[in-house]
Amino acid sequence: MSQKKRTKIKDILQLAEANVTVTVKGWVRTKRENKNVVFINLNDGSTINNLQIVGDPTKFDEATLKKITTGASLSVVGLLVASQGSGQKFELQAETIDVLGVADPEKFPLQPKKHSLEFLREIAHLRPRTNTFSAILRVRHSMIFAVHKFFHEKGFFNIHTPIITASDAEGAGEMFRVTTLDLDKLPKTEDGKVDFKEDFFEREANLTVSGQLEGELTALALSEIYTFGPTFRAENSNTTRHLAEFWMIEPEMAFYDLEDNMDLAEEMLKYLVTYALENCQEDLAFLEQRAKDEESTKKQEERSELSLLERLRFVADNEFVRLTYTEAIDILRNSNYNKKKKFQYLIDAWGADLQSEHERYLVEKHFKKPVILIDYPKEIKSFYMKQNDDGKTVAAMDILFPGIGEIVGGSQREENYDKLTNRMKELDMDAESMWWFLDTRRFGTVPHSGFGLGFERLMLFVTGMSNIRDVIPFPRTPGNAEF
Ligand code: 4AD
Ligand code: MG
Numbered sequence: 009m010s011q012k013k014r015t016k017i018k019d020i021l022q023l024a025e026a027n028v029t030v031t032v033k034g035w036v037r038t039k040r041e042n043k044n045v046v047f048i049n050l051n052d053g054s055t056i057n058n059l060q061i062v063g064d065p066t067k068f069d070e071a072t073l074k075k076i077t078t079g080a081s082l083s084v085v086g087l088l089v090a091s092q093g094s095g096q097k098f099e100l101q102a103e104t105i106d107v108l109g110v111a112d113p114e115k116f117p118l119q120p121k122k123h124s125l126e127f128l129r130e131i132a133h134l135r136p137r138t139n140t141f142s143a144i145l146r147v148r149h150s151m152i153f154a155v156h157k158f159f160h161e162k163g164f165f166n167i168h169t170p171i172i173t174a175s176d177a178e179g180a181g182e183m184f185r186v187t188t189l190d191l192d193k194l195p196k197t198e199d200g201k202v203d204f205k206e207d208f209f210e211r212e213a214n215l216t217v218s219g220q221l222e223g224e225l226t227a228l229a230l231s232e233i234y235t236f237g238p239t240f241r242a243e244n245s246n247t248t249r250h251l252a253e254f255w256m257i258e259p260e261m262a263f264y265d266l267e268d269n270m271d272l273a274e275e276m277l278k279y280l281v282t283y284a285l286e287n288c289q290e291d292l293a294f295l296e297q298r299a300k301d302e303e304s305t306k307k308q309e310e311r312s313e314l315s316l317l318e319r320l321r322f323v324a325d326n327e328f329v330r331l332t333y334t335e336a337i338d339i340l341r342n343s344n345y346n347k348k349k350k351f352q353y354l355i356d357a358w359g360a361d362l363q364s365e366h367e368r369y370l371v372e373k374h375f376k377k378p379v380i381l382i383d384y385p386k387e388i389k390s391f392y393m394k395q396n397d398d399g400k401t402v403a404a405m406d407i408l409f410p411g412i413g414e415i416v417g418g419s420q421r422e423e424n425y426d427k428l429t430n431r432m433k434e435l436d437m438d439a440e441s442m443w444w445f446l447d448t449r450r451f452g453t454v455p456h457s458g459f460g461l462g463f464e465r466l467m468l469f470v471t472g473m474s475n476i477r478d479v480i481p482f483p484r485t486p487g488n489a490e491f
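If you count the sequence shown from 1, position 228 lands on 236 in this note's numbering, and the numbers rise without skipping.
Here you go:
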């Protein structure tokens with residue numbers, strides 16, 4: 009190992025033997041010192057583990073030692089030796105220490121004490137320097153990688169679908185507008201409306217809520233594709249499970265029916281969870297302990313029965329329960345929660361939209377397993393879903409997870425041109441502007457299916473965090489776009 013070139017702490021801790029001179033660079037987590045020795049815990053983000061640096065205070069000038077405080081950045085050259093202390097294999101005997109950047113202890117907000125997650129959200133620019141957030145970001149990277157690995161190994165092609173679109177795939181009207189018009193001097197048409205012909209795209213444009221529609225276009229050529237991109241929703245829901253900007257994985261497959269679709273989604277979720285268990289052990293061990301500490305502050309009935317790692321193994325090893333919306337409504341209607349009015353929204357009739365309390369009841373109380381619900385009433389689902397023969401339901405599927413509720417939403421798609429356009433008419437949609445989408449149903453249409461996995465919902469499950477704002481580096485929520 010060259011002396012000048014930086015060695016990552018992760019690689020150092022994996023060395024078989026000590027007695028090598030190395031250069032490490034990173035940020036000080038803690039410093040302790042007495043007359044004879046100074047101990048510095050250095051972290052460079054390559055691993056959750058710190059490298060302990062020991063120095064003889066008489067070998068360094070006082071000014072340098074003073075600048076070594078929590079948060080300061082250092083470059084240290086020294087001899088790696090077997091550690092005397094417990095808890096670490098090696099320590100570094102410092103020969104030279106360069107302070108790259110100071111962090112005034114009076115002003116640096118991250119001190120070696122437990123900060124609340126709420127406080128850390130206010131300093132989202134610095135929170136990656138904590139154990140919790142660096143662990144989450146490393147796991148997040150592994151999950152991104154595992155998503156691509158899974159689909160690549162299955163022969164799916166990754167497609168970049170547009171971020172700026174003129175359509176509303178979900179039809180929920182929750183879009184952020186994209187415009188270059190001067191908001192103080194809006195051009196108007198004769199009947200007094202904003203004249204979008206004058207706008208950049210010469211039409212109304214917005215940030216996409218889903219890559220699905222373009223995904224369908226390419227699946228009807230390449231057979232099996234997936235998108236993994238940012239999606240945007242201007243829904244004003246201030247919950248622990250909603251973001252205004254989130255990442256979604258959307259596979260779309262020609263020649264798949266609903267059952268094929270469920271099989272793929274279940275296989276994917278198990279693969280991703282297994283990948284985390286096998287490749288993120290140290291970070292998950294830390295996050296498991298963090299979750300345990302958090303749980304211990306909760307009331308007994310709010311605690312989960314399984315620990316984080318047990319929950320992950322449970323999902324990886326068990327078959328998901330599959331049932332219809334109609335069966336689920338019967339279970340919910342007859343449940344004690346409904347009878348004793350423990351649900352905020354009581355279930356009385358078929359057709360009700362399920363709230364996350366109902367989804368979680370099914371998963372956590374009734375089945376105690378992940379659940380795939382299919383065949384929802386068409387009124388509460390999107391226009392593109394395949395219409396079942398009963399005239400009432402569509403071939404939708406939602407996957408419900410413990411602690412989360414809906415993690416995946418998808419369906420078989422309506423491939424019949426007449427049925428699809430009739431449904432669009434019923435919903436008062438402008439079919440003309442979606443001529444390109446409808447063309448797939450006019451030319452070589454095939455049965456096809458797809459789904460969307462909310463990446464941050466997956467991250468909530470894998471990390472055991474309880475607020476979605478904590479599993480994305482810089483969250484976007486109503487009133488929050490600071491960093
Ligand atoms: O159920 P959704 O709205 O489905 C679609 O967008 C389809 N076009 C997907 C498809 O079939 N290709 O969203 C899919 C998933 C949800 O199950 C949830 O996990 C996540 O995206 N999601 C959100 N995650 C964070 N914040 C939000 N505001 C979310 N809205 C949906
Ligand atoms: Mg949904």
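Glycine included, C-beta positions come from ideal geometry on N, C-alpha and C.
Hey, which unbroken runs of the alpha helix (DSSP H) at 4 residues or more fall wholly within the stretch 423–489? Counting whole runs of 4 or more residues, the stretch 423–489 contains the alpha helix (DSSP H) stretches 425–434, 443–450 and 463–471.
Taking DSSP as the reference, what is the three-state secondary structure of N326? In the sequence shown, counting from the first residue as 1, residue 326 sits at position 318. Here N326 sits in coil by DSSP.
Nearest-angstrom Cβ-Cβ length linking L461 and V479, presumed shorter than 8 Å: As a first step, residue 461 is located in the sequence shown; it is residue number 453 there, counting from the start. As a first step, residue 479 is located in the sequence shown; it is residue number 471 there, counting from the start. Not quite, the Cβ-Cβ distance comes to about 14 Å (not below 8 Å), so this is no contact.
Identify every residue that forms a DSSP beta bridge with R319. Stepping through the sequence shown from its first residue, residue 319 is reached at position 311. Answer by DSSP bridge pairing: none, since R319 is not bridged.
Below 8 Å, can you find three or more Cβ-Cβ pairs linking the stretch 152–165 to the stretch 45–60? The stretch 152–165 makes no contact with the stretch 45–60, as fewer than three CB pairs between them are under 8 Å.
Under the rule that 16 or more other beta-carbon atoms within 10 Å means buried, what is F263, buried or exposed? Mapped onto the sequence shown, residue 263 falls at position 255. That one is exposed.
So F328 and E274 are supposed to be a Cβ contact under 8 Å. How far apart are they, rounded? The residue labelled residue 328 in the question sits at position 320 within the sequence shown. The residue labelled residue 274 in the question sits at position 266 within the sequence shown. In this structure F328 touches E274 by the C-beta definition: roughly 5 Å separates them, less than 8 Å.
My parser needs the beta strand (DSSP E) runs of 3 or more residues fully inside the stretch 328–356; what are they? 329–332
Could you compute how far the alpha carbon of G219 sits from the alpha carbon of G418? Taking the first residue of the sequence shown as 1, we reach residue 219 at position 211. Taking the first residue of the sequence shown as 1, we reach residue 418 at position 410. Rounded to the nearest angstrom, the two C-alpha atoms are 13 Å apart.
C-alpha gap between S10 and L100, whole angstroms: By 1-based counting over the sequence shown, the position of residue 10 is 2. By 1-based counting over the sequence shown, the position of residue 100 is 92. Unreliable placement is indicated for S10, whose pLDDT of 45 sits below 50; the coordinate value is still reported in the next sentence. In a straight line, the C-alpha of S10 is about 16 Å away from that of L100.
Run the proximity test for D406: is its beta-carbon closer than 7 Å to any non-hydrogen atom belonging to the ligand MG? The residue you call residue 406 lines up with position 398 of the sequence shown. D406: yes, Cβ under 7 Å from the ligand MG.
Could you give the uninterrupted runs of the beta strand (DSSP E) lying entirely in the stretch 22–74, keeping only those of 3 residues or more? 28–41, 46–51 and 59–63
Write down the C-beta distance between A132 and L295 rounded to the nearest angstrom, noting that I regard them as a contact closer than 8 Å. As a first step, residue 132 must be located in the sequence shown, where it is residue number 124. As a first step, residue 295 must be located in the sequence shown, where it is residue number 287. Their Cβ separation, rounded to whole angstroms, is 18 Å, which puts A132 and L295 out of contact at 8 Å.
Continuous alpha helix (DSSP H) assignments of at least 4 residues falling wholly in the stretch 363–433: 364–368
Spatial neighbours of L88 within its chain, please: CB distance less than 6 Å, with the 5 preceding and 5 following residues excluded, ordered by chain position. As a first step, residue 88 must be located in the sequence shown, where it is residue number 80. Cβ within range, chain order: A26, V28, V30, F98 and L100.
Classify V45 as buried or exposed, calling it buried when 16 or more other Cβ atoms lie within 10 Å of its own Cβ. Here residue 45 corresponds to residue number 37 of the sequence shown, with the count starting at 1. Burial call: exposed.
Please state whether DSSP places R14 in a helix, a strand or coil. For the purposes of this step, residue 14 is taken as the residue at position 6 of the sequence shown. In the structure shown, R14 sits in a strand (DSSP, three-state: E or B).
Give the range of the alpha helix (DSSP H) segment to which E290 is assigned. Along the sequence shown, read from residue 1 onward, the residue named residue 290 stands at position 282. Element bounds for E290: Q289 to E303.
Within 10 Å of its beta-carbon, does N246 have 16 or more other beta-carbons around it, so buried, or fewer, so exposed? Your numbering for residue 246 matches position 238 in the sequence shown. Label assigned to N246: exposed.
Per DSSP, cross-strand counterpart(s) of S91: Here residue 91 refers to the residue found at position 83 of the sequence shown. For S91, which the question treats as bridged, DSSP gives no partner whatsoever.
E414 CB to nearest heavy atom of the ligand COA below 7 Å: Questions concerning the ligand COA fall outside what the structure shown contains, since the ligands it does hold are the ligand 4AD and the ligand MG.
Leaving aside the five residues before and after E303 along the sequence, list all residues of the same chain whose C-beta is less than 6 Å from its C-beta, in chain order. Residue 303 sits at position 295 when you count from the first residue of the sequence shown. Cβ neighbours of E303 beyond the five flanking positions: R311.
Is F153 a contact residue of the ligand 4AD, with contact defined as CB to any heavy atom under 7 Å? To locate residue 153, count along the sequence shown from 1; it is residue 145. Answer for F153: no, Cβ out of range of the ligand 4AD.
Residue from D271, L381, E309 and N58 whose Cα sits closest to the Cα of I337: Against the sequence shown, residue 337 aligns to sequence position 329. Of D271, L381, E309 and N58, the residue nearest in Cα terms is L381.
For my contact list, Y392 and R421 are in at a C-beta cut-off of 8 Å; report their separation, rounded to the angstrom. In the sequence shown, counting from the first residue as 1, residue 392 sits at position 384. In the sequence shown, counting from the first residue as 1, residue 421 sits at position 413. Confirmed, about 5 Å.
Could you give the DSSP three-state label for F263: helix, strand or coil? Position 255 of the sequence shown, counted from the first residue, corresponds to residue 263. Correct three-state label for F263: coil.
Rounded C-beta distance between V470 and V281? I'm assuming under 8 Å. The count along the sequence shown starts at 1 and reaches residue 470 at position 462. The count along the sequence shown starts at 1 and reaches residue 281 at position 273. The pair is a contact, with the Cβ atoms about 7 Å apart (cut-off 8 Å).
Taking 7 Å as the cut-off, does the CB of F254 come closer than this to any heavy atom belonging to the ligand 4AD? Here residue 254 refers to the residue found at position 246 when the sequence shown is read from its first residue. Yes, Cβ of F254 sits closer than 7 Å to a heavy atom of the ligand 4AD.
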